[in-house]
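Per numbering that gives the first Met the number 0, the very first residue in the sequence shown carries number 0; after that it's consecutive. Here the structure is laid out as C-alpha cells; the discussion comes afterwards.
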Amino acid sequence: MTIPKLELHLHLEGAAPPAFIRGLAQEKDVNLSGVFNEDGSYRFDNFTQFLRTYEAATTVLTGPEEFKRLTTAVLEQSAAQGVIYTEAFISPNFCGGGDLGAWKEYLAAIKEAADAAAKSDGIILRGIVTCIRHEGPDAAKPDALCAAETVGDFVTGFGMGGDESTGVQGDFAYAFDMAREAGLRLTTHAGEWGGAASVWQAVRDLRVERIGHGVQSIDDPALVDHLAEHEITLEVCPGSNVALGVYPSWRDHPIERLRAAGVKVTVSTDDPPFFHTTLTREYDRLADTFGWEDDHIREVNQNAARAAFCDDATRERLLKRLEPAA
Ligand code: ADE
Ligand code: ZN
C-alpha cells in the first residue's frame, strides 16, 4: 500500500503548471517572453531570477476566476500524487493587491475550487495567508488584516515568503502579532538562505510554530536541540533547495541529519513545476539518497499531520489514515 501524503509547504502560484500559465497568457494576449525556456519549462538560473520569473508568471492570474482554475489544476496535480491534505500559501498581493473586499472575492473562488476537489478527489486544502518579505513590513500589515478578517475553517495560518536577504524577521512582528491575536497559526520562511541566525530570529521575534525550510539550522547544534525540544516543525523542500543551489546535491542535503537529531521534519515541494519535481519524486529521491523506507515516510507524514494548521477532528482523521494496515 502506498502511504498517503500530506504537504505543508506549497505556494499556490508556484504550483501552476507552465502550460496552464502559457494557456492563460494566450487567452489574454499577454507577452510572457523571458518566463519560459525553449522546452516550455520555467526559466531561471538563480533565486533572484526565480522570484522574477515567478512574479512575471502571476501577471496572467488577473482575477478570482483565474485563481479558481489554478486551484483546480493544482489540487488535481496533488491528488494524482496521493496527497490527501495540503496547505497552500495564498498571497493577498497576487489576490487583489491587499484590498480586503477583493481578497474576499478571490478567497471565495479558491474555496469553491477546493470544495469541489474535496468532493471529487477527497483532497483537503487549507490556506496560509502570506506576506512577501521583499515587499517590506508596511505591505505585510494589509496582508495580516486580510488574514485576520477571514480566519476560519479554510484560512488557518499566516506566513511569509520572498527574499530573505531583505531586512530581518523581527521587522514583521507587527503583522505576525496581528495574525496571532486573530487566532491564526504561524510559519515563516527562514534558514533557506538566511543561515541559522534567521531561524533563531523567526522563533524568538515572530514566535512561529513552524519554519519554512529551516534547513540551515543544521549549522547550529544549540538550534537543532531547541527545535527538537520545542517540536518546532520544519517544512523541508529538498528538491527546491537543490534546484535553487542552497545545497549542491541531494547527498549534501541535511534533512536526514536533522531527522536523526530528533527535529520534526516534513517533506514538501515548494513550487513543484519550477523545480521539475512532485511529492512522489521527492520521496523517491529520499529513498535513493538516504535509504528511507516506509517507516520514515510514515513518520514524516505523521509529523505533518501533528503540525498541520487544521482542527483536531481533521488531524485525527489524517492520523488514522496514516496508521499501518493491521
Ligand atoms: N516564494 C516561492 N517560493 C519561495 C522560496 N523557495 N523561498 C522564498 N519565497 C518563495
Ligand atoms: Zn516556499
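Glycine included, each C-beta is placed from N, C-alpha and C at the ideal position.
Thinking C-alpha only, which one of Glu234, Asp152, Asn30 is nearest Asp114? Residue numbering aside, residue 114 sits at position 115 when the sequence shown is read from its first letter. Nearest C-alpha to Asp114: Asp152.
Buried or exposed: Gln200, going by 16 or more other Cβ atoms within 10 Å of its Cβ? As a working mapping, residue 200 is identified with position 201 in the sequence shown. Answer is buried; the Cβ neighbour count reaches 16.
Determine the burial state of Arg125: buried for a count of at least 16 other Cβ atoms within 10 Å of its Cβ, exposed for fewer. Taking the first residue of the sequence shown as 1, we reach residue 125 at position 126. Classification of Arg125: buried, given that the 10 Å Cβ count is 16 or more.
Report the partner residues of Val150 according to the DSSP bridge assignment. The residue you call residue 150 lines up with position 151 of the sequence shown. Val150 pairs with Val154.
Which stretch, first to last residue, makes up the beta strand (DSSP E) that contains Val241? Along the sequence shown, read from residue 1 onward, the residue named residue 241 stands at position 242. Note, Val241: premise wrong, no beta strand (DSSP E); alpha helix (DSSP H) at 237-243.
Restricting to Cα atoms, I'd like to know which of Asp38, Val34, Gly62 is closest to Tyr53. Stepping through the sequence shown from its first residue, residue 53 is reached at position 54. Closest by alpha carbon: Val34.
Taking the DSSP output, what are the residues bridged to Glu6? Reading the sequence shown from its first residue, position 7 is the one you call residue 6. Partner(s): Thr85.
Can you tell me whether Glu148 sits near the ligand ADE, meaning its C-beta is under 7 Å from at least one heavy atom of the ligand? Within the sequence shown, the letter at position 149 stands for residue 148. Because no heavy atom of the ligand ADE lies under 7 Å away, the Cβ of Glu148 does not count as near it: no.
In angstroms, rounded to a whole number, what distance separates the CA positions of Asp294 and Glu26? For the purposes of this step, residue 294 is taken as residue 295 along the sequence shown, with counting starting at 1. For the purposes of this step, residue 26 is taken as residue 27 along the sequence shown, with counting starting at 1. Whole-angstrom Cα-Cα distance: 46 Å.
Taking 7 Å as the line, does the beta carbon of Asp269 fall inside it for any heavy atom of the ligand ZN? As a position in the sequence shown, residue 269 is number 270, starting the count at 1. At least one heavy atom of the ligand ZN is nearer than 7 Å to the Cβ of Asp269, so yes.
Should Asp269 go down as buried or exposed, given a rule of 16 or more other Cβ atoms within 10 Å for buried? As a working note, residue 269 is residue 270 in the sequence shown. Classification of Asp269: buried, given that the 10 Å Cβ count is 16 or more.
Tell me whether Phe35 sits in a helix, a strand or coil according to DSSP, three-state version. Taking the sequence shown and counting its residues from 1, one reaches residue 35 at position 36. DSSP places Phe35 in strand when its eight states are reduced to three.
Any C-beta of chain D under 8 Å from that of Ser77: Structure shown: chain D not included; a single protein chain is present.
Are Gly211 and Val198 close, meaning C-beta to C-beta below 8 Å? For the purposes of this step, residue 211 is identified with residue 212 of the sequence shown, where counting begins at 1. For the purposes of this step, residue 198 is identified with residue 199 of the sequence shown, where counting begins at 1. Against a cut-off of 8 Å, the Cβ pair of Val198 and Gly211 comes out as no contact.
Which residues in the same chain have their Cβ closer than 6 Å to the Cβ of Tyr105, if we skip the five residues on either side of it in sequence? The count along the sequence shown starts at 1 and reaches residue 105 at position 106. Closer than 6 Å at Cβ, skipping near neighbours: Pro63, Phe66, Cys94, Gly95.
Is the distance from the Cβ of Gly97 to the Cβ of Ala138 below 8 Å? Position 98 of the sequence shown, counting from 1, holds the residue named residue 97. Position 139 of the sequence shown, counting from 1, holds the residue named residue 138. Cβ atoms of Gly97 and Ala138: closer than 8 Å.
To the nearest angstrom, how far is it from the Cα of Asp283 to the Cα of Asn92? Indexing the sequence shown from 1 puts residue 283 at position 284. Indexing the sequence shown from 1 puts residue 92 at position 93. Cα to Cα, the separation comes out at about 34 Å.
For the beta strand (DSSP E) holding Thr186, just list the boundary residues, first then last. Counting from 1 along the sequence shown, the entry for residue 186 is found at position 187. Start and end: 184-189.
Val214 and Val245 - do their beta-carbons sit closer together than 8 Å? Along the sequence shown, one-based indexing puts residue 245 at 246. Along the sequence shown, one-based indexing puts residue 214 at 215. Contact: yes.
Unbroken alpha helix (DSSP H) runs of length 4 or more, entirely within the segment 204-290: which are they? 220-228, 237-243, 254-259, 278-289
From which residue to which residue does the beta strand (DSSP E) around Thr330 run? Coverage of the chain is limited to positions 0 through 325, which leaves residue 330 absent and any answer about it impossible.
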